[in-house]
Structures are given as C-alpha cells and as structure tokens.
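Colleague: Residue numbers (the numbering used here): 771 to 972.
Could you have a look at this structure, given as structure tokens, before my questions?
Structural data, given as structure tokens:
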C-alpha cells in the first residue's frame, strides 16, 4: 500500500506541469482538426484528468485555445530573437536553422498556432494577430538596428508590409514542408533567407 501511495505521489504533476501537459495535448488536437471539431472532453480524456480540472485551468474552450496559441507564439519569439550587435545577414541562417528545428520538433504546436487564423472565434483570431504583430516588430527592430538595413528601412514605407508578407510566405513554406516536402531543412532555410533578403534589401 505504501509503495502504491508513493508511486502516485511521484506521478502527481505540479500546477505548471499539469498546465503544460494540457496545452501540449491541445496543440496536438487543434493541429489535427478545426477549432469547432475539438472537444474539450477529449482533451481531458487524453490528459487523464477530469473535465472539471481542465476547466479549473481554462474556464472556456476559447480560453484554452487562446492559451495554446500564446504558448506557441512565445516559443517562436524566443526562437527568432535577434542577438544585438551581430549583423542581420550573419544571424539569418543560424536563426532560421533554430526556428526550423523548432518547427520540426513541435509540429503540432506550430500547426495549431496557424490554425488560429481560421478559427471562427474573433477573440482567438485577435490573439493570433497580436502574435504575428509581435514577430513583425521583432524582425523590424533587428533590421532597424543593423547598419546595412537600418538606413534603407527608414526610406521605405513598404518595409512593414514586406516583412508581413515574408512571414506569410515562411508560414506557407513551413506548413507545406511539414506535410512531407522533399526539401531538406537546409534548402528550406536558404529559400526563406533569400526571400527575406530579397524583400528588404536596399
């Protein structure tokens, strides 16, 4: 009896661990099915928790999906964060390599994040749009601080639109790559790098 109780104690997850487990399950389900087809009861079943416990963490399905999107957004921002003082051209390949490693390793989360744009819920779509805007600002800030790109960007009213278009391009490329493209990660990296440099080069 004591051994069984000890086993149960060891397996009990902390609040943070449980929340992360639920979000990981949600990322998988939302990546595989449209928002309306994912049942919160199924999330609880896979995670091995009661529906009441899941609702304790996330009061509504909308709150749950928004948390999945925010989790993946935070990951992507960390993956693509620029290193101050290093030229954009030098960082681009390494940064894309790291990002594509993330895309491969967290394919469910990446797909779920981009499914948010097609979700019928306006609140969820706003979370997604805020996340994309944060990525856009991060890229523009890195370029503005770069001696090669900074002065030119100040003279280009289309710079923000170019970066936004590049993000859409990279998303489409990555999603297609995850479906089973013949391109290697290095080829995808180089394709995306060329596209960004072509869009923003002076």
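Idealized CB from N, CA, C, for every residue including glycine.
(1) Return the chain-ordered ranges of every alpha helix (DSSP H) run that is complete within the segment 860-947 and spans a minimum of 4 residues.
(2) Assign residue 856 to one of three DSSP states: helix, strand, or coil.
(3) Within the continuous alpha helix (DSSP H) that includes residue 833, where are the two ends?
(4) If you reduce the DSSP assignment to three classes, tell me which class residue 828 lands in.
(5) Would you mind working out which of 901, 966, 816, 926 sits nearest residue 844, comparing C-alpha positions?
(6) Please report the distance separating the alpha-carbon of residue 893 from that of residue 825.
(7) Quick check: what's the CA-CA separation for residue 876 versus residue 790?
(8) Got a sec, what are the start and stop residues for the alpha helix (DSSP H) residue 968 sits in?
(9) Could you compute how far the alpha carbon of residue 832 sits from the alpha carbon of residue 906?
(10) Find the nearest neighbour of residue 871 within the set 891, 854, 798, 846, judged by alpha-carbon distance.
(11) What is the DSSP secondary structure of residue 807, counted as helix, strand or coil?
(12) Out of curiosity, what's the CA-to-CA distance linking residue 958 and residue 822?
(13) When the distance is taken between beta carbons, is residue 842 closer than 8 Å to residue 883?
(14) Shortest alpha-carbon distance to residue 967 belongs to which of 922, 955, 888?
(15) Measure the alpha-carbon distance for residue 924 versus residue 810 and round it to whole angstroms.
Modeller: Taking the structure as given:
(1) 877-885, 892-914, 920-924
(2) coil
(3) 831-849
(4) In this structure, DSSP gives residue 828 a state outside helix and strand, which the three-state scheme calls coil.
(5) 901
(6) 18 Å
(7) 13 Å
(8) 955-970
(9) 25 Å
(10) Taking only the C-alpha atoms, the option nearest residue 871 is 846.
(11) helix
(12) So the alpha carbons of these two residues sit roughly 43 Å apart.
(13) yes
(14) Taking only the C-alpha atoms, the option nearest residue 967 is 922.
(15) Answer to the nearest angstrom: the Cα atoms are 47 Å apart.
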